[in-house]
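Everything below concerns the one structure shown next.
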Amino acid sequence: MAERSAPVGVMDSGVGGLSVLAEIQRLLPNESLLYVADCGHVPYGEKSPDYIRQRCRRIAEFFQAQGAKAMVMACNTATVAAAADLRELYPDWPLVGMEPAVKPAAAATRSGVVGVLATTGTLQSAKFAALLDRFANDVQVVTQPCPGLVELIETGDLASPQLRQLLQGYVQPLLAAGCDTLILGCTHYPFLRPLLAEMVPADVAIIDTGAAVARQLQRLLAARGLLADGPARDAAFWSSAEPQSLKKILPVLWHESDSVQSFQL
Ligand code: DGL
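Here the sequence shown stands for residues 133 to 397, where the numbers follow the working numbering.
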C-alpha cells in the first residue's frame, strides 16, 4: 500500500513534460515529484510504437523501484503507444496519460476548423483516430505533423531563427485552412507559446492539456486517499543522455536544480 508522502513519477521523451510538471506543481504543491527525461532516445515521434513501449516499461519499472505512488505519462506520443500496455502490467497503479485536446477544441471553435500540431506517431495512431471519431464529427480537423521541432526545443534555445522558420512552416497552412483553434498535441510545444503569439492572430485559441492532466492526477490520488499533505521534497531529475545537458536547460524551462542524475536503462 503506497503512502501519501510517496512521490509521483513523471516522464517524457525529453524536456517537453516539464510543461506538465509545472502544472502539477502549481495544482499540487505538496506532491514530491520525480522526472525522467528519456533524452537518450528523443524524439519518440518518429520511433515505432514497439520501441516506445519498451522505453516506457523501463521507466515504469524505475518509478516502481523508487516507490512512486502514481505515474504521469507527460507525453502524447508515449501515451498512444504505451499507456494500455502499462495499465495491463500495473492494473492497480494510478497512471495518467494524455491526449490532444480534440474535445475542448471542437466545443470552442467558431469557424468549425481546428488545427492539430503533434508528432507523426501521435497523428498516425489508432487512438488519435478514435478521438476524432468520438469528438470531431461536426468540425473539420486539419492535422500537422511537426518533425524536427522537438529536437530544436531540446536545445533550450526557444528563439532561434531555425526554430521560428520551421514553426512558421507548420502553422501557416493551418491558418490558411481557416483554423481558429490550435491544439498543441505534444508536451514540448507549450514552450513555443511566445513564438506562436507572434505568428498567430490574437483571436485564434491555443489549447494544451497540461492543466487537465494535473487535475486528473488530483482526482486519481484523491479517490485512493493518496494526496500528500506534508511539504514536498525538491523535484528530482534523471536523464538517459548525459545529465549535464538537462542540467543546463532546466533553468530555462523549469528552475535551477542540482538534482540531475543519470538514468541508465
Ligand atoms: N513530448 C512528446 C509528446 O507529447 C514527444 C515528443 C517526441 O519525443 O517526439 O508527444
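Ideal placement from N, C-alpha and C gives every residue a C-beta, glycine not left out.
* Asked: Which term fits Asp366, buried or exposed, when burial requires 16 or more other beta carbons within 10 angstroms of its beta carbon?
  -> Exposed, since its Cβ has fewer than 16 Cβ neighbours within 10 Å.
* Asked: Cα-Cα, which of Asp289, Ala216, Gly280 is closest to Tyr302?
  -> Gly280
* Asked: With respect to 8 Å, is the separation between the Cβ of Thr319 and the closest non-hydrogen atom of the ligand DGL below this value?
  -> yes
* For Glu245 versus Cys311, is the C-beta spacing smaller than 9 Å? -> One point to set straight first is that residue 245 is Val, not Glu, in the sequence displayed. The Cβ atoms of Val245 and Cys311 sit closer than 9 Å to each other.
* **Integer Cβ distance of Cys171 from Glu286, believed to fall under 8 Å** => 7 Å
* **Where Phe369 falls: helix, strand or coil (DSSP)** => strand
* Assess, as a yes-or-no matter, whether the region 217-233 is touched by the region 372-380 under the definition of 3 or more beta carbon pairs within less than 8 Å. => no
* Report whether the distance from the Cβ of Ser401 to the nearest heavy atom of the ligand DGL is below 8 Å. => Since the first and last residues shown for the chain are 133 and 397, residue 401 lies out of range.
* Asked: Does at least one heavy atom of the ligand DGL sit under 8 Å from the Cβ of Val336?
  -> Outside the cutoff, so no.
* Using the rule of at least 16 other Cβ atoms within 10 Å of the residue's Cβ for burial, across every protein chain shown, is Ala202 buried or exposed? -> buried
* Asked: Exposed or buried, which one is Glu374 when buried takes at least 16 other CB atoms within 10 Å?
  -> exposed
* To do: Starting from the C-beta of Asn162, find all residues in its chain whose C-beta is less than 8 Å away, skip the five residues before and the five after it, and write them out in chain order.
  => Leu359, Ala360, Asp361, Gly362, Pro363, Ala364
* Tell me, to the nearest whole angstrom, how far the beta carbon of Met331 is from that of Gln294; I am working on the premise that it is less than 8 Å. => In this structure, Met331 and Gln294 do not form a Cβ contact; the two beta carbons are roughly 15 Å apart against a cut-off of 8 Å.
* Would you kindly check if the distance between the Cβ of Val228 and the Cβ of Gln348 is under 9 Å? => yes
* Asked: Would you say Met203 touches the ligand DGL, meaning its beta carbon is less than 8 Å from a heavy atom?
  -> no
* **Contact under 9 Å by Cβ, Gly288 with Thr319** => no
* Asked: Is the beta carbon of Lys155 within less than 8 Å of some heavy atom of the ligand DGL?
  -> In the sequence on display, residue 155 carries Glu and not Lys. No, since every heavy atom of the ligand DGL falls outside the 8 Å radius drawn around the Cβ of Glu155.
* To do: Consult DSSP for Ser276 and reduce its assignment to one of helix, strand or coil.
  => It should be pointed out that residue 276 corresponds to Gln in this sequence rather than to Ser. Collapsing the DSSP output to three states places Gln276 in a strand.
* Could you tell me how far apart the beta carbons of Ala200 and Pro139 are, in whole angstroms, since I believe they sit closer than 8 Å? => With a beta-carbon spacing of about 5 Å, Ala200 and Pro139 fall inside the 8 Å limit used to define contacts.
* Quick one: residues in its chain with C-beta nearer than 8 Å to the C-beta of Ile339, no 5 flanking neighbours on either side, listed in chain order? => Same-chain partners within the cutoff: Ala233, Pro236, Ala237, Ala240, Thr313, Leu314, Ile315, Leu316.
* Go through its chain and collect everything with a Cβ distance to Val174's Cβ below 7 Å, but skip five positions before and after it. => Ser145, Gly146, Val282, Glu286
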